[in-house]
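Worksheet for the structure shown next.
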Amino acid sequence: MMESLKAQGIKTIFGYPGGSIMPVYDALFDYTRGEKKAFDHILVRHEQGAIHAAQGFARVSGEVGTVIVTSGPGVANTLTGLADAMIDSTPVVVIAGQVGVGVLGTDAFQELDLMTVAQPICKWVYQIRRPEDIPWAVSKAYYLAKSGRPGPVVLDFPKNAQTSKCDYVPETVNFVRSYIPSPRPKQEKLQKAAELINNAKRPLALVGQGVELAGAHEELKTFLEKANIPAGRTMLGLSALASNHPLNMGMLGMHGNYAPNIKQQEADVVIAIGMRFSDRVTGNLATYLKQAKVIHLDIDHAEINKNVQTDVAIVADCKESLPMLTALINEADHSEWIESFKPLRDKEQEKVVNKALHPTEGPLLMGEVANAVAEATKGMGVTVTDVGQNQLFSTRYSKYNTPRSIITSGGLGTMGFGLPAAIGATFGEKNRPVFAFMGDGGLQMTIQELGTIMEYHCPVKMVLMNNNFLGNVRQWQNMFFQKRYAFTHMLNPNYEEICSAYKIPYLKVKDRKDLPAAVEKALKTDGPFFLETIIMEEDDVMPMTAPGASVNDMMLEKEAN
Amino acid sequence: MEKKLYTILIYSENVVGILNLVTAVFTRNQVNIESLNVSPSGIPNVHKYTVTVITDEAQAKKLVKQIERKVDVIKANFYVEDDIFVSEVALFKLSTSIVMSTPDISRLVRHSGAKVLEVNETYTTLQICVKPDAVTELYKKLAKYKCVLQYTRSGVVAITRDKVERVSEFLKEQENQQFDFLEEGINSEEC
Ligand SMILES: Cc1ncc(C[n+]2csc(CCOP(=O)(O)OP(=O)(O)O)c2C)c(N)n1
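Protein chains in written order, with our numbering: chain A, 3 to 563; chain B, 309 to 499.
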C-alpha cells in the first residue's frame, strides 16, 4: 500500500488511526520518517476533519486528496465529506480499514457495510480483498478520482489484505473499458454552437467550476475575449475568471449579483461552460432562459438536459472544446449589450453594496469584513468559507484574481466544512494566504480541528463572523416564517479563551475602524491567526431570489413583511 | 409527457455491487421497476440487465444517462415496444384435481401454448414462454378457476432489432482506443 501510494506521487495524507487500519499505520510509521520517508501524515481530530481537509487540499492544488481512516465509525465520519465531494466534483481517495474478509457479514466489531453505504455518494467504491490487488486498485482509484468529472473514491481495505504478504508489482491503470473520462468534442456540434454564437446579439457565458477543474482559465479568456462575450460565474466557478476581468459580470445564483441574474433572461444565446444549472442558479425552471438558445459544454453527459433543455450540447473536457470553439467563432463587438449591464450593477451598488461595505454607523457587517480581507490580499488570497451568511457574504465580497481561490461547500452546503478545508488548503498552497470565513454555528461543528492547527502550526487565517445566530436560518425565519426564531439564537463560548488554550493568536474586532489593522496583523503573523469579528445580529444577505421564485424576481431589498 | 412501458438494457462489468448501483438510480428518481432480469451476456465477463419501467421519454433518457455514468457500467439504452423482441417465461403450479375436473382448463392450457412439465396426483406444472401481456392474461384466466397453487415469472428479457451490436462495437472501439493510447503515450494530442 505504501509503495502504491508513493507511485501516485502522494505527499500529504490526512488521517486518523484505529483497530482495523493499524497495519497500515504501522507501515506509515516508516514511510513518514527517516530513510523511507515518502509522506507527511496529518493527524486530524475527527475523521470529518480529514475528509474536508483532503477536499480543501484538492480544490486548491488540483491534486487528489488522500485520507486514511479506520473501519466502522472512522469511515462513517467521512460520509458527509464524501457526499460533499461527490456533488462538488472534488477528487479525493479514502482508504478505510475493514474487518477481515473471513468475518464480513457477521457484525464483527466495527464492521460497517461500507460498499453499500458509500456507493451512492461516490464515483467508485472497491473492496481490496487480496494484497495482490493493491497496486491495481490504488492506481485505478486515483485515475478515476481525478480523470473525467472528478469525484470521491473509497477503497474498503479488509484487515487480512493488509497483513498477508505478497511481492509488490507496480501497476498503472489509465484505461477502464467501461469508462470514457472525456469524450472528444463533435465537430458538427461545435459548428452548430459557433453558428449560434456568431449570430448572437446578446450572448452570455455562464461559467462554472468545470473550467477550474479543467485548468481551462486561459482557454476561457481567449474564447470570451475573441467574441466579446460577457460572463457570469457560479459560486464554485468564482475563480475560473478573474474578478477584475472586464468581461466578468459577477456571480450567479440566489445571492449572486443582480446584473447577471437579471440579464441572463435577456440573452439570446447562453453558453454554459462546466456548470450544472443548480437550482440555486436557475430559480424556478419554468421561467428560466426561455428566450435563449442554450449551448452547454460539460464533461458529464448526464448533466445535459438534466435541468435545462439545451439546443447544442458539447460533451467534452472544456480545455479541449473551448479552443476548438474559439477557432470557429468570429471576432465580435457586443459593447452595447455589455454596457446594458451597468445600470443594474449601479443599482445593486447603490441599494446593496454601498450599504454592505461602507456603513457609517451601527455594528460591523460581514460584507465589510470580507472586503477588508480582499483589500489586504488584493484578491490574491484563497477564500475558504463555511456555510451560511458568512459564506454568502464572503463569496460575494471576496476578490478572485488568481485561479483556484474559492473553496466552499456548494452543492451539499455542509456546515463545518470551512475550518478543516482551510487546514487542507494550507498544505496544498504554501504561497498564498488562506482565509477561512466562518459563522459561530459552523465553526463549532468542527472546532476540534483547532487542535490540528495547533499541532502543525497550519497558517490558517480564521475569520469568525460572530452574530450569535444561525444567521442564514434566522434570515429565512425572518423572511418566510414570520420572524419566528425557532432555535437559531445561540449562546457562544469565549473564543479568546479557547484560542488561548490552543495557543493560537487571537484578536477581537468590534469597531470598524480597527478592522484594517486587525486583518494586517492576521496576515503578518506567522502561522495561524484567529480574528473574531462581532457582527450585527440580525442582518440579511441581499440581493436574494426567494426559494422557488423566478430569477426575474430577484430582490434587491427585503419586501416588507 | 406520455407515460408508457420502456425497456432499459444495461451492460456492466461482472463485479460485486453493480446491481445496487443500478437500482439506486431508479429509487432516487422515484421510478418503480416493473420487472428486472440479470444474467451473463454473450460477451465474456459482461452482465446484462433488462429493466422495464413505466415512465416518460425525458425520464427514460435521464435514467439511462445516470446509469451509464457509473464507472463499471458499459452501456445503457432504452427501448420502446417496436425496437425490441421481448419475451418472458412463467411457471404455473396448478391443482391436479381441479384441472382434472374442469375440461375448460385443459382447453385453455392447450390454446396458450404452455408446456406441461410434470403431472402428479397433487399438482400439475406448466411452463410458458410468451410476451409479458400473454402471461398476465393466462394467469388471470386460470385464477378464475381457483386452480393456481403457485405462479412465478422470470421478468422480461429482450433483444434489440438493431442492425449493429452497440455493446460489442463500443467495447471494440474502446479497446482500440486503449491500443492507440498505449502506443502514443499519455501526452499524445489524441488522448
Ligand atoms: C451540517 C449542517 N446542518 C445544518 C445546516 C442548515 N444551515 C444552513 S446555514 C445555517 C446557519 C449557519 O449559522 P452560522 O454557522 O452561525 O453562520 P451564519 O449564517 O450566521 O453566518 C444552518 C443551520 C447546514 N447547512 N449544514
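The beta-carbon is built from N, C-alpha and C at its ideal position, and this holds for glycine as well.
Check the Cβ of B:K370 against every Cβ in chain A and list those closer than 9 Å, keeping chain order.
The answer, in chain order, is A304, N307 and K308.
Give the straight-line distance between the Cα atoms of A:Y33 and B:D470, rounded to the nearest whole angstrom.
If I take the Cα positions, the gap works out to 56 Å.
Whole-angstrom distance between A:A376 and A:T387, CA atom to CA atom:
Here the C-alpha atom of A:T387 lies approximately 14 Å from the C-alpha atom of A:A376.
Quick check on DSSP: helix, strand or coil for B:S496?
Confidence is the limiting factor: at B:S496 the pLDDT is only 33, short of 50, which leaves the residue's position unreliable, though a coordinate-based value still follows. When DSSP states are grouped into helix, strand and coil, B:S496 belongs to the coil group.
Quick one: what's got a C-beta closer than 7 Å to A:E37's C-beta in the same chain, skipping five residues either side?
Nothing meets the Cβ criterion.
How is A:P205 classed by DSSP in three states: helix, strand or coil?
The answer is strand: DSSP assigns A:P205 an E or B state.
Establish whether the CB of B:A382 and some CB of chain A are separated by less than 8 Å.
According to the sequence displayed, residue 382 of chain B carries Ile and not Ala. Chain A, which has a Cβ nearer than 8 Å to the Cβ of B:I382, makes this yes.
Environment of B:H355 [buried if 16+ CB atoms lie within 10 Å]:
Buried: at least 16 other Cβ atoms inside 10 Å.
When DSSP labels each residue in this structure, what does A:A438 get in the three-state scheme?
Here A:A438 sits in strand by DSSP.
Can you find the residues in the same chain that come closer than 6 Å, C-beta to C-beta, to A:T454, ignoring five residues on each side of it along the sequence?
Same-chain partners within the cutoff: V46, R47 and I425.
Taking CB distances under 8 Å as the criterion, tell me whether A:S552 reaches chain B.
Chain B, which has no Cβ nearer than 8 Å to the Cβ of A:S552, makes this no.
Does at least one heavy atom of ligand 2 sit under 7 Å from the Cβ of A:V389?
Among the ligands present in this structure, namely ligand 1, ligand 2 is not found.
Are the CB atoms of A:I23 and A:I44 nearer to each other than 8 Å?
No. Outside cutoff.
Using a Cβ cut-off of 8 Å (strictly closer), state whether B:K373 contacts chain A.
Interface residue, yes.
Confirm the yes/no value for this check: CB of A:N246, any heavy atom of ligand 1, distance under 7 Å.
False, no ligand heavy atom lies under 7 Å from that Cβ.
Beta strand (DSSP E) runs contained entirely in the stretch 381 to 466 of chain A, provided each spans 3 or more residues
Runs found: 384 to 387 and 436 to 441.
Quick one: is A:K512 near chain B, going by C-beta distance under 8 Å?
Nearest CB-CB separation between A:K512 and chain B: not below the 8 Å threshold.
Which of the residues in the stretch 109 to 136 of chain A, read from start to end, lie with their CB under 9 Å from any CB of chain B?
Cβ proximity to chain B below 9 Å picks out M117, T118, Q121, P122, K125, W126, V127, Y128 and Q129 from the stretch 109 to 136 of chain A.
Could you tell me if B:R501 is buried or exposed, where buried requires 16 or more neighbouring beta carbons within 10 angstroms of its beta carbon?
Given that chain B is displayed from residue 309 to residue 499, the structure contains no residue 501 of chain B and the question cannot be resolved.
Does ligand 1 have even one heavy atom less than 7 Å from the beta-carbon of A:V475?
Yes - ligand 1 has a heavy atom lying nearer than 7 Å to the Cβ of A:V475.
Beta carbon of A:N392: closer than 7 Å to some heavy atom of ligand 1?
With a cut-off of 7 Å, the C-beta of A:N392 is classified as near ligand 1, since at least one heavy atom of the ligand falls inside that distance.
Under 8 Å between C-beta atoms of B:A442 and B:L434:
No; because the gap between Cβ atoms is not below 8 Å, this pair is not in contact.
Rounded to whole angstroms, what's the CA-CA distance from B:N448 to B:S403? Just pull it up for me.
The question names Asn, but residue 448 of chain B is Lys in the sequence shown. Approximately 16 Å between the Cα atoms of the pair.
Can you grab the Cα-Cα spacing for the pair A:D528 / A:M557, in whole Å?
Answer to the nearest angstrom: the Cα atoms are 42 Å apart.
Under 8 Å Cβ to Cβ from B:T331, same chain only, skipping five residues before and after it: list those, please.
Residues of the same chain with a CB within less than 8 Å of the CB of B:T331, apart from the 5 flanking positions on each side, are I341 and L344 in chain order.
Under a three-way DSSP split, which group does B:K401 fall into?
Assigned with DSSP and collapsed to three states, B:K401 falls in strand.
Of the residues A:R151, A:F532, A:S342 and A:I340, which one's Cα is nearest the Cα of A:D90?
Looking at the Cα atoms, A:R151 is the closest of the given residues.
For a test of your reading of the model: does the CB of A:M417 fall under 7 Å from any non-hydrogen atom of ligand 1? Yes or no.
At least one heavy atom of ligand 1 is nearer than 7 Å to the Cβ of A:M417, so yes.
If the criterion is Cβ atoms closer than 8 Å, does the pair A:E534 and A:N468 meet it?
Between A:E534 and A:N468, the gap from beta carbon to beta carbon is short of 8 Å.
At a CB distance below 7 Å, what residues from the stretch 162 to 180 of chain A approach chain B? Give them in sequence order.
Answer set for the stretch 162 to 180 of chain A: N176, F177, V178, R179 and S180.
I need the DSSP call for A:D158, collapsed to helix, strand or coil.
Looking at A:D158 - three-state DSSP - the assignment turns out to be strand.
For A:E227 and A:T410, what's the separation of their Cα atoms in angstroms?
The C-alpha of A:E227 lies about 28 Å from the C-alpha of A:T410.
What's the call for A:N309, buried or exposed, on a 16-neighbour Cβ count within 10 Å?
With a 10 Å radius around the Cβ and a threshold of 16 neighbouring Cβ atoms, A:N309 comes out exposed.
Helix, strand or coil at A:A334 [DSSP, three-state]
Coil at A:A334, not helix or strand.
With C-beta atoms as the reference, is A:P137 less than 8 Å away from A:A147?
Contact: no.
Between A:I297, A:K295, A:V317 and A:Y290, which has its C-alpha nearest A:A303's C-alpha?
Reading off the sequence shown, one finds His at residue 303 of chain A, where the question assumed Ala. Looking from the CA of A:H303, the closest CA among A:I297, A:K295, A:V317 and A:Y290 belongs to A:V317.
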